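Residue numbers (full-length UniProt numbering), protein chains in the order written: chain A, 1 to 308; chain B, 1 to 307.
See structure below.
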């Protein structure tokens with residue numbers, strides 16, 4: 001286990017520098033004069049140029065600038081938005097509601113996907129299985145820009161089952177509809193993986209043994225099959241976090257939830273470059289850390305992983 | 001984007017052990033015989049044909065001009081050719097929806113081509129040569145996968161579309177193409193690794209074929225089919241990606257007509273008029289669904305083990 005952790009941590013360091021470098025390179029691609037882009041059409045005087053260069057290190061080479069950027073990220077200094085607010089402060093205000101929303105949608109997605117996935121895995125080819133497969137296909141085909149506004153229109157405005165928007169101190173009920181929308185982005189894949197893995201495990205030797213011992217079907221499925229079937233689903237969580245982050249940008253924008261995604265949404269709309277880059281960098285780091293944790297968890301759950 | 005990851009588990013196609021197969025039929029011919037009997041394939045193909053027709057000749061479907069808007073017709077109901085009514089600016093919703101197909105399909109097609117070329121070349125090089133080249137390329141793919149797709153796309157698209165005069169088509173194509181090749185590369189790499197160990201490759205090498213000929217004449221044709229499946233699904237994902245970027249305001253803009261822009265514009269007015277929001281959404285979802293179904297059907301035909 002120790003060697004696995006060390007190797008995974010070294011990989012993480014490489015991916016961290018690589019991913020931040022790519023984000024940084026993407027951001028600077030094809031820009032001739034960032035200062036001119038910042039001030040618009042007005043001419044830039046020499047003294048302004050000198051002052052801005054001193055602040056943003058723009059006269060230094062690409063790698064020197066990348067170094068300043070990495071130093072800021074590692075010391076928790078994410079810079080300022082164009083409106084002069086500290087990005088670190090904005091983030092700390094935005095996190096709580098986003099984390100609540102994300103946890104709620106992960107729980108909803110997991111409960112629905114595992115429940116329905118087990119049922120359709122047991123009765124493969126049955127009515128329930130066929131209906132679920134068609135439904136997941138439709139959900140897969142719904143981009144978040146279709147799902148979020150339509151759900152708000154139908155369930156929030158026309159039927160009035162849920163409040164159409166949620167504020168900063170939104171409770172469980174206000175967050176339920178956005179969480180459903182967000183969760184449905186990952187339900188389809190989780191459900192399909194659960195279904196395939198349950199169907200495979202049902203044919204395994206240990207299931208036959210358990211049945212031969214005379215265990216009740218409920219115990220065979222609930223303990224023996226389920227535990228082994230959930231292992232591939234857990235690896236999906238790492239990938240799903242990335243999908244949820246992307247989805248949260250649109251969902252929080254549509255439902256007016258002042259979280260991380262909402263700030264990013266507004267930053268894009270108001271052309272606030274530093275805000276967008278700061279938020280994206282932090283989200284990429286969070287994504288990498290969560291993936292690291294999921295991998296370690298996975299290795300702890302399934303001893304076979306460590307001895308590749 | 002999560003469905004692409006489900007696809008990565010698809011292995012290289014192999015012959016079905018339990019299926020009677022005529023000796024003179026190629027793998028593609030075999031797959032085609034399978035596809036012809038698949039209902040899903042025909043539904044998906046019909047949808048794709050309609051969307052492509054719409055993109056190529058929108059005037060076949062409507063004689064109205066999507067940019068001919070009159071505020072006097074604001075939120076008016078259906079009348080004459082405008083079967084979906086008019087939006088908050090008095091534009092014909094049906095005409096706008098039909099013309100929205102063009103840029104979506106164009107962008108997705110070009111972006112998928114770029115992603116396909118990069119993915120195939122990277123996967124071929126990594127899988128065929130192995131060694132340090134494979135290690136470097138695979139690590140690079142890992143790094144790219146460490147950036148959630150939409151986050152990377154927002155940063156890049158924002159940079160590329162800073163020119164106020166362009167309508168953003170090129171920027172979105174480059175963004176989706178540059179960020180979308182990783183899955184194709186991974187699938188290509190594993191298919192190449194399993195194809196290069198085959199006897200016919202060894203036979204060709206013994207006959208004196210060079211690495212270029214081996215790679216492109218022998219390995220590539222036998223390893224390409226899982227990549228085609230990935231790329232078909234990527235087409236659908238890129239259409240959704242274009243709409244999402246346009247919705248967020250870093251995609252198509254200016255006078256471009258796009259489903260994503262239409263959804264973003266009409267969303268705030270949905271309380272008074274729902275149709276201008278609903279119809280572009282339906283067309284967008286149906287198009288994405290068509291490409292995902294097409295990819296699923298092709299995969300089933302090429303790889304019967306997955307059934």
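Every residue, glycine too, gets a C-beta built ideally from N, C-alpha and C.
Source: prediction; values computed, not measured.
Per the Cβ contact rule, the region 145-163 of chain A is not in contact with the region 295-302 of chain B (fewer than 3 Cβ pairs under 8 angstroms).
The Cβ atoms of residue 253 (chain A) and residue 265 (chain A) lie closer than 8 angstroms to each other. For residue 117 (chain A), the uninterrupted alpha helix (DSSP H) run begins and ends at 87-122, by DSSP. Under the 10 Å beta carbon count, residue 123 (chain B) is surrounded by 16 or more other beta carbons and is classified as buried. In the DSSP assignment, residue 261 (chain B) falls within the alpha helix (DSSP H) that extends over 259-266. Counting along the chain, residue 51 (chain B) sits inside the alpha helix (DSSP H) bounded by residues 39-56. Residue environment for residue 241 (chain B): buried (at least 16 other C-beta atoms within 10 angstroms of its C-beta). When secondary structure is reduced to three states using DSSP, residue 87 (chain B) falls in the coil class, being assigned neither helix nor strand. Taking 8 angstroms as the upper bound for CB-CB distance, residue 148 (chain A) and residue 250 (chain A) are in contact here, some 5 angstroms apart. In the DSSP assignment, residue 279 (chain B) falls within the unbroken alpha helix (DSSP H) covering 275-302. About 5 angstroms separates the beta carbon of residue 241 (chain A) from that of residue 290 (chain A), a gap short enough to meet the 8 angstroms contact definition. With the criterion set as a beta carbon lying under 8 angstroms from some beta carbon of chain B, the members of the region 129-163 of chain A are 137, 138, 140, 141, 142, 143, 144, 145, 146, 149, 150, 152, 153, 157 and 158, in sequence order. The residue from B:193, B:217 and B:215 with its alpha-carbon nearest to that of residue 134 (chain B) is B:193. Proximity of residue 4 (chain A) to chain B, defined by a Cβ-Cβ separation below 8 angstroms, is not satisfied.
When C-beta atoms of the region 246-265 of chain B are compared with those of the region 88-103 of chain B, three or more pairs fall below 8 angstroms, so the two segments count as touching.
Looking at the DSSP output, residue 80 (chain A) bridges to A:86. Membership of residue 65 (chain A) in the alpha helix (DSSP H) is indicated by the continuous run 62-74.
In this model, residue 135 (chain A) and residue 197 (chain A) are separated by some 19 angstroms (Cα to Cα). When CB distances to chain A are screened at a threshold of 7 angstroms, the residues of the region 148-170 of chain B falling below it are 148, 149, 150, 151, 152, 154, 155, 156, 158, 159, 160 and 162, in chain order.
The bridge partners DSSP lists for residue 302 (chain A) come to none. In the structure shown, the three-state DSSP call for residue 79 (chain B) is strand. Cα atoms of residue 229 (chain B) and residue 294 (chain B): separation of roughly 8 angstroms, rounded to the nearest angstrom. For residue 247 (chain A), the enclosing alpha helix (DSSP H) begins and ends at 226-255. The continuous stretches of alpha helix (DSSP H) do not include residue 153 (chain A), and DSSP gives it neither H nor E. The region 126-158 of chain B is shown to contain whole alpha helix (DSSP H) runs of 4 or more residues at 131-145, in chain order. Within chain B, the residues placing a beta-carbon under 8 angstroms from that of residue 265 (chain A) are 248, ordered along the chain. In chain order, 78 and 91 place their CB closer than 7 angstroms to the CB of residue 282 (chain A), counting only its own chain and leaving out the 5 sequence neighbours on each side.
The beta carbon of residue 238 (chain A) is closer than 8 angstroms to those of 290, 291, 294 and 295 in its chain, skipping five residues each way along the sequence. Along the region 253-280 of chain B, the positions whose C-beta sits under 8 angstroms from a C-beta of chain A are 260, 263, 264, 267, 270, 271, 274, 277 and 278, read in chain order. A direct Cα-to-Cα measurement between residue 228 (chain A) and residue 125 (chain A) gives close to 22 angstroms. CA-CA distance, residue 223 (chain B) to residue 198 (chain B), rounds to 11 angstroms. Going by beta carbons, residue 51 (chain B) and residue 105 (chain B) fall inside the 8 angstroms limit. Between residue 147 (chain B) and the set A:24, A:271, A:144 and A:211, the nearest pair of CA atoms involves A:24. With respect to chain B, the C-beta atom of residue 15 (chain A) has a partner C-beta closer than 8 angstroms.
Distance from the CA of residue 250 (chain B) to the CA of residue 262 (chain A), rounded to the nearest whole angstrom, comes to 15 angstroms.
For residue 284 (chain B), the residues of chain A that pass the 7 angstroms Cβ criterion are 143 and 146, in the order they occur in the chain.
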